[in-house]
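Under this note's numbering, the letters of the sequence shown match residues 1 to 119, in that order.
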Amino acid sequence: MTEIAPGCVVMIVKDDKIVYKKAFGTANTELNTPMQTNMLFRTGSMGKQYTAIAIMQLVEQGKIGLQDSIQKYIQRLSIKRLHNYYRKSLDKHFGNKGLFIRNFKPFKTKRDLHTKRRS
């Protein structure tokens with residue numbers, strides 16, 4: 001198992017207070033460096049589900065709409081190809097990575113996406 005996940009840090013927060021925080025395993029298997037609770041990690045795709053939850057909570061509260069343009073909420077965003085790209089698609093397919101994908105060319109509709117996949 002250590003080849004797959006040599007170490008991790010677990011933290012549980014309840015009512016804005018840390019109730020559990022512990023490091024397990026090693027941070028560097030070659031040097032046998034123990035994992036520490038203050039170590040920083042790359043999150044990879046882990047932010048997608050949190051982005052989706054936060055967006056859906058804002059939709060339920062009536063603060064944003066799923067079909068709204070992303071530029072309605074981020075006015076300083078001046079990426080022309082995102083102008084008509086819908087928040088729903090950005091959230092569903094790209095989570096918090098969508099703005100940083102090199103050569104990112106979103107599709108305006110699902111039909112455009114499916115047409116591109118078939119070609």
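Quick reminder that beta carbons are idealized off the backbone N, C-alpha and C, glycines included.
Owing to the predicted nature of the structure, the values given are computational and were not obtained by experimental measurement.
message: Quick check on DSSP: helix, strand or coil for tyrosine 120?
response: Lying outside 1 to 119, the shown extent of the chain, residue 120 is not represented and no answer is given.
message: Using the three-state DSSP reduction, which class does glycine 47 fall into: helix, strand or coil?
response: As a working mapping, residue 47 is identified with position 47 in the sequence shown. Residue state, collapsed to three classes: helix.
message: Between the alpha carbons of isoleucine 55 and valine 19, how many angstroms are there, rounded?
response: What you label residue 55 is simply residue 55 of the sequence shown in a count that begins at 1. What you label residue 19 is simply residue 19 of the sequence shown in a count that begins at 1. Their backbone Cα atoms lie some 27 Å apart in a straight line.
query: For valine 59, which residues from the same chain have a beta carbon less than 8 Å from its beta carbon, with the 5 sequence-adjacent residues on both sides left out?
result: Position 59 of the sequence shown, counted from the first residue, corresponds to residue 59. Taking C-beta separations shorter than 8 Å and ignoring five residues to either side along the sequence, the partners of valine 59 in its chain run Gly65, Leu66, following chain order.
Cβ-based burial, isoleucine 70 [other Cβ within 10 Å; buried from 16]: Translated into positions along the sequence shown, residue 70 becomes position 70. Burial of isoleucine 70 is indicated by the presence of at least 16 other C-beta atoms within 10 angstroms of its C-beta.
- request: Report the three-state DSSP secondary structure of isoleucine 64 (helix, strand or coil).
  value: Counted from its first residue, the sequence shown places residue 64 at position 64. Residue state for isoleucine 64 is assigned as coil, using DSSP reduced to three classes.
- prompt: From the DSSP output, which residues share a beta bridge with valine 13?
  reply: Residue numbering aside, residue 13 sits at position 13 when the sequence shown is read from its first letter. As DSSP reads the structure, valine 13 sits in a beta bridge with Ile18.
CA nearest to the CA of methionine 11, picked from Thr33, Thr37, Thr29, Ala27: Sequence index remark: in the sequence shown, residue 11 carries index 11 (1-based). In this structure, Thr37 is the residue among Thr33, Thr37, Thr29, Ala27 with its C-alpha nearest to the C-alpha of methionine 11.
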